[in-house]
Each structure stands twice: as structure tokens, then as C-alpha cells.
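Comments concern the structure below.
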Amino acid sequence: DQQVKQNSPSLSVQEGRISILNCDYTNSMFDYFLWYKKYPAEGPTFLISISSIKDKNEDGRFTVFLNKSAKHLSLHIVPSQPGDSAVYFCAASAVGTYKYIFGTGTRLKVLA
Amino acid sequence: DGGITQSPKYLFRKEGQNVTLSCEQNLNHDAMYWYRQDPGQGLRLIYYSQIVNDFQKGDIAEGYSVSREKKESFPLTVTSAQKNPTAFYLCASGGGGRETQYFGPGTRLLVL
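Line order of the protein sequences matches chains Z and B. At position 108 of the first sequence (counting the first as 1) the number is 108 in our numbering, and the numbers step up by one without a gap. At position 4 of the second sequence (counting the first as 1) the number is 116 in our numbering, and the numbers step up by one without a gap.
So, in C-alpha cells, the structure goes:
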């Protein structure tokens with residue numbers, strides 16, 4: 001049972017436009033979320049986090065939105081750059097646990 | 113430089129052989145984690161350790177073993193009981209609890 005789902009395996013966006021990566025979760029106990037970026041044959045790099053007490057967190061070109069009622073979060077990248085081309089993972093953690101559950105990832109390709 | 117190192121980058125295992133993957137961190141993090149990534153799948157937690165001399169099984173611990181004798185080191189042994197060991201293995205460390213996890217560069221394990 002996949003508790004964290006990234007239903008779009010891939011996404012292509014023109015350079016300079018907005019990239020929106022989506023993540024859905026099923027466990028209502030999840031209350032802390034992370035986004036990671038991963039290049040091939042490398043470890044994931046932490047991008048941004050959000051706690052369930054907030055509905056938005058921003059860091060430079062990256063903004064994460066959380067809709068608790070829909071159990072949905074999204075990562076917005078504006079403007080998208082070719083260097084953003086990578087696989088993006090969302091991860092969720094439940095209250096009282098030390099574990100993160102990762103989604104299957106979305107491959108973003110930013111076209112020059 | 114502070115960071116997480118994993119060695120080797122590539123590792124080959126023969127049938128019936130145990131192999132050990134190294135993970136070292138100099139970030140003074142209390143917690144360390146091992147994940148496995150298979151093509152088209154997210155990261156799945158194998159083992160984690162919140163403190164020296166203590167560790168817990170993750171979601172797919174069968175066929176693996178770990179030790180945590182030093183804060184800086186968390187080696188993973190892939191035993192002969194792991195029937196499908198071919199994967200990309202990622203080590204991470206963090207401040208513990210639900211603090212952000214930071215990843216090493218990974219080790220790709222292949223079976224001869």
C-alpha cells in the first residue's frame with residue numbers, strides 16, 4: 001500500500017516557466033513533509049520542508065504548498081532552469097515516528 | 113568538509129556471498145539510515161539508528177544487517193539471505209527524530 005504517491009512519473013517544462021510537482025498521501029497522521037531532488041547515480045539533496053501547521057513554505061525559487069484536507073502537497077519551481085532537471089521525491093513523516101515514507105518520484109525535464 | 117561518504121561506489125557480489133557497504137558521516141548527527149532504491153520506485157527504509165549501539169528494522173530489513181558501534185559509522189551488510197540485492201543503496205544521517213535527513217552519494221550493488 002503506497003502511502004505517498006507521486007502519480008506523474010515525468011514532467012517536461014520550458015525554461016523560465018513554472019514547474020509544479022504533485023504529491024498525495026493517504027495517512028492522516030502524516031504531519032511533516034520533505035522534498036528532495038536527485039540526479040542520476042547521486043544521493044538525494046534536500047530542497048524544502050513543510051509542517052502541517054503551515055500551508056505554504058517558500059525558499060527562493062521553490063515553494064511548497066500543503067492542502068491537509070485534500071492530503072495533497074505540491075512543489076512549485078519558478079522560474080524553471082535546465083539545472084532543475086532531475087527526479088524529485090516527496091517524503092512524509094507521521095507524528096511520533098522517526099521514519100520518512102518516500103514517494104516514487106517525478107522526473108522533471110526543463111527544456112532550454 | 114562536512115558530509116556523508118559511502119564506499120565503494122560500485123560493488124559486485126557473488127552468489128552466497130556477504131558484502132558490506134560503508135557509510136561514514138562527520139556531521140555529528142545522532143541518527144543514521146539505510147535506504148534501497150530500485151528502478152521506478154521510491155526509497156525504502158532498510159534500517160535506522162537513532163543513537164550509538166541501537167538500531168531498528170525498517171520496512172525491508174530481511175536479508176540485511178547493520179551495526180552502530182561509533183556515531184560516525186553505520187555499515188550495512190547484505191547477506192546471502194537477500195535474494196534480490198541488486199539496487200542502489202543510500203545512506204543518510206540527520207539530527208534524529210524527524211529532522212531533515214542528508215544523503216550520501218550511494219553505492220550500486222550488482223550481482224555476478
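No residue lacks a Cβ here, since even glycine has one placed at the ideal position from N, Cα and C.
Give a yes or no on whether the minimum CB-CB distance between residue i and chain Z is below 8 Å.
| i | result |
| --- | --- |
| B/Leu-123 | no |
| B/Arg-210 | yes |
| B/Tyr-201 | no |
| B/Tyr-214 | yes |
| B/Gln-137 | no |
| B/Leu-222 | no |
| B/Gly-154 | yes |
| B/Tyr-160 | yes |
| B/Leu-188 | no |
With distances taken from CA atoms, which of the options is nearest residue i?
| i | options | result |
| --- | --- | --- |
| B/Gln-194 | B/Gln-162, B/Leu-139, B/Ala-173 and B/Gly-218 | B/Ala-173 |
| Z/Val-4 | Z/Ile-20, Z/Phe-89 and Z/Ser-85 | Z/Phe-89 |
| Z/Gly-43 | B/Leu-221, B/Leu-222 and B/Tyr-214 | B/Tyr-214 |
| Z/Asn-22 | Z/Lys-71, Z/Ile-101 and Z/Glu-15 | Z/Lys-71 |
Taking 8 Å as the threshold (C-beta atoms), are residue j and residue i in contact?
| i | j | result |
| --- | --- | --- |
| B/Ser-192 | B/Gln-129 | yes |
| Z/Gln-6 | Z/Thr-97 | no |
| B/Ser-185 | B/Ile-116 | no |
| Z/Leu-34 | Z/Ala-91 | yes |
| Z/Ala-41 | B/Gly-208 | no |
| Z/Ser-93 | Z/Tyr-32 | yes |
| Z/Ser-49 | Z/Asn-57 | yes |
Going by DSSP, name the residue or residues bridged to residue i.
| i | result |
| --- | --- |
| Z/Val-95 | The partner list for Z/Val-95 (beta bridge, DSSP) is empty, contrary to what the question assumes. |
| B/Glu-204 | It is worth fixing the name first, because residue 204 of chain B is Ala in this sequence and not Glu. According to DSSP, B/Ala-204 bridges with B/Tyr-145 and B/Phe-215. |
Any beta strand (DSSP E) of 3 or more consecutive residues that is wholly inside the segment 120–171 of chain B: 122–125, 131–137, 143–149, 155–163 and 166–169
Within the segment 5–33 of chain Z, ranges of the alpha helix (DSSP H) (whole runs, at least 4 residues): none
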